[in-house]
Every structure is written in structure tokens, then in C-alpha cells.
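Numbers 23 to 315, taken from my numbering, label the letters of the sequence shown in order. All C-beta atoms, glycine included, are put in the ideal place defined by N, C-alpha and C. Structure, as C-alpha cells:
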Amino acid sequence: MQNSAYKSLRKGYLILLLPGLLLLALFYVYPVLSALYMSMTNWDGVSRSHDFVGLVNYGAALTDPRFLNALSFTLQYAFVSTILSNIVALSIALVLVKKIKFRNFFRAVFFFPAVLSMLIIGYIWQQIFYHVVPYFAERLNIEALQTNMLGNQDLAFWALIIVTVWQASAILVVIYMAGLQTVPEDVYESAAIDGASGWKRFSRITLPLIVPSITICVILAMKQHLMVYDYIIALTDGGPGFATESVTLLIYNLGFLNNQFGYGTAVALMLFVFIIVISIIQINILRKKEVQL
């Protein structure tokens with residue numbers, strides 16, 4: 023009797039899981055397998071016929087200067103943006119968790135960039151780089167900034183970094199504040215009685231206790247920045263030249279502008295695998311830090 027009831031219950035669980043499994047197969051497994059097949063063809067994205075070319079597209083990507091340039095830019099952009107956005111976010115969070123006047127107002131101000139759309143952000147910062155920065159640069163006699171940063175191959179990268187850090191740090195501030203609020207006050211009081219300076223309290227108490235928050239923020243920021251697309255479209259469109267063309271923008275250009283859908287899909291899958299590998303490495307390194315602490 024119990025065995026029969028167990029089988030009936032198990033069958034009921036499987037029936038309940040079936041709709042979810044079907045949706046997973048339809049919207050995740052099938053697209054991935056379809057993309058894997060398309061990456062091994064020379065399909066142009068328009069015609070009905072295409073030829074199977076195997077791993078030719080992957081080999082071509084590894085020797086394509088444009089892809090290597092986009093990958094190099096993406097890695098530099100993601101690395102710098104992740105570090106700076108986390109430093110800025112943690113610095114702001116350290117101030118906002120203290121009992122200061124108008125704390126709630128400042129919280130809303132620093133979170134404001136997170137609720138803006140990229141079109142609005144792109145328009146605002148275009149005007150800043152076109153007019154505001156050159157205006158003040160002329161009066162301060164800073165020759166390098168007297169022209170539009172977005173049109174300068176050497177400065178466009180840093181213009182994107184500024185905008186990215188400005189918006190990305192908004193969400194990270196919330197996560198860091200949540201982590202900082204879990205640190206017991208009596209720990210700081212004990213450290214102060216023992217004569218620990220502000221830097222020692224930060225490095226020996228605060229940082230070790232918020233490592234889980236750091237793990238989340240670093241992984242989220244790195245993943246978002248490796249897939250950067252909207253910031254570049256809104257500000258530089260990959261220019262000047264190909265100086266700020268990311269891998270995701272290259273995928274779009276290959277598939278929808280150059281009619282190289284098969285090749286573009288191969289590049290997309292390479293980026294997909296690359297992000298997974300980077301995320302796994304990050305998780306393993308940061309989780310070990312958590313265990314050690």
C-alpha cells in the first residue's frame with residue numbers, strides 16, 4: 023500500500039514538473055542547440071539554404087583581427103568597470119550606512135541612475151561630453167578635454183567607463199549597504215576600545231565580514247560588463263572607427279548588418295562560454311575567501 027502511494031505521489035510530482043520542463047526545453051535547450059548548429063553553417067540569415075561548414079567559423083574568429091580587437095576592448099572595459107564601480111559603490115555605501123543628515127535623500131539620489139533608461143542616459147551624457155566637458159576644459163586650460171571625448175579614440179574608452187561606473191554603482195550600493203548593516207556594532211566598539219584605527223577596522227573587520235556581498239557585486243558587475251551593448255550603442259556606436267566595438271556589438275553587426283549570421287552565432291557562443299568560464303573562476307576564488315574567513 024505504501025509503495026503504491028509513493029509511486030502515485032512520484033507520478034504526481036512528474037506531472038507537475040512537466041510544464042516547466044517543456045518550457046525550459048522550448049525556450050532554452052532548443053535555442054541553444056539551434057544556435058550551436060547555426061554556428062557551424064554559412065547561413066546569411068535571409069536565404070533558406072545554407073551549407074554546413076563545421077568549425078570553420080570558430081577558427082575564423084580566432085584569427086579575425088576585428089574579433090580580437092573587440093574581445094580585447096571588452097575585457098579591458100569589463101575589468102576596469104568592475105573594479106571602479108565596486109570601489110565607488112562601497113565608498114558610497116560606507117557613508118550612507120552612517121547616521122548622517124538627509125541620509126534617505128542621498129540614498130535616493132545615488133540610486134537614481136539605476137531607474138533611468140539607456141536612451142535617456144545616452145542623451146544626457148552625449149550633451150555633457152559635447153558641451154559641458156569642453157566648456158570647463160577651455161576655462162581650466164585642459165587641452166586634452168577641449169574636444170568631444172566620444173570622438174577621440176584615446177578618450178572614448180574612458181568616457182564609456184565614466185558613464186558605466188555612474189550607473190552600475192547605483193545597484194551595487196544597495197547590495198553593499200545590506201551587507202554593511204549585518205556587521206554587528208559591538209565588534210566596532212570592541213575594536214575601538216583596543217585602539218584600532220579607522221583603516222584597521224575597515225580592513226580587519228568590515229571587509230572580511232562583507233565578502234559575500236563583494237562576491238555578488240563582482241560577479242554581477244563582471245557579467246553585465248562583459249555583455250556590454252546598450253552603453254556603446256547609446257554613446258559611440260562602436261566608434262570612432264572600431265575603437266569601442268564590444269563583442270556583443272560585433273555579433274549584432276555580423277548577423278544583421280553584414281549578413282554573416284552563422285559566423286555571428288559562432289562568436290556569440292564563444293562569448294557565452296567565455297562568460298561561463300570567467301564566472302566559475304570568480305565564484306571559486308571568492309568562495310574560497312569566504313571559507314577562509
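Beta-carbon proximity of residue i to residue j, cut-off 9 Å
i	j	result
F132	L118	yes
S225	I114	no
N108	L36	no
V269	L93	yes
I183	S103	yes
M292	A159	no
Y253	T186	yes
A256	L162	no
T85	A181	no
P135	W221	no
A265	F179	yes
L281	G67	For clarity, residue 281 is Asn in the given sequence; the question names Leu instead. Yes, these two residues count as a Cβ contact at 9 Å.
I303	K245	no
Y210	L116	no
A290	A57	yes
L167	V155	yes
Sheet register partners of residue i (DSSP bridge)
i	result
T63	F74
Boundaries of the alpha helix (DSSP H) in which residue i is found, first to last residue
i	result
P156	V155 to R161
N275	Run containing N275: none; DSSP gives neither H nor E here.
A130	R125 to F133
Q149	M140 to Q149
Chain B within 9 Å of residue i, Cβ atoms only
i	result
F95	The question asks about chain B, but that chain is absent: this structure has only one protein chain.
Original post:
Counting Cβ pairs closer than 8 Å, one from the region 48–64 and one from the region 231–240, do we hit at least three?
Top reply: no
Original post:
Does the region 78–90 come close enough to the region 175–185 to have 3 or more Cβ pairs within less than 8 Å?
Top reply: no
Subject >> Ranges of the alpha helix (DSSP H) found wholly within the region 77–104, counting only runs of at least 4 >> reply: 78–84
**OP:** Enumerate, from N- to C-terminal direction, the unbroken beta strand (DSSP E) stretches of 3 or more residues contained entirely within the region 202–270.
**Re:** none
**OP:** Take every Cβ of the region 266–281, pair it with every Cβ of the region 201–221, and state whether three or more of those distances are shorter than 8 Å.
**Re:** no
Original post:
For the region 96–105 against the region 246–255, are there 3 or more C-beta pairs whose distance is under 8 Å?
Top reply: yes
Original post:
Is there contact here, the region 215–231 with the region 122–131, by at least three beta-carbon pairs under 8 Å?
Top reply: no
**OP:** Would you be able to state if there are at least three C-beta pairs under 8 Å between the region 70–83 and the region 285–296?
**Re:** yes
Original post:
Taking only runs of the beta strand (DSSP E) that begin and end inside the region 29–60, which ones reach a length of at least 3 residues, in chain order?
Top reply: none
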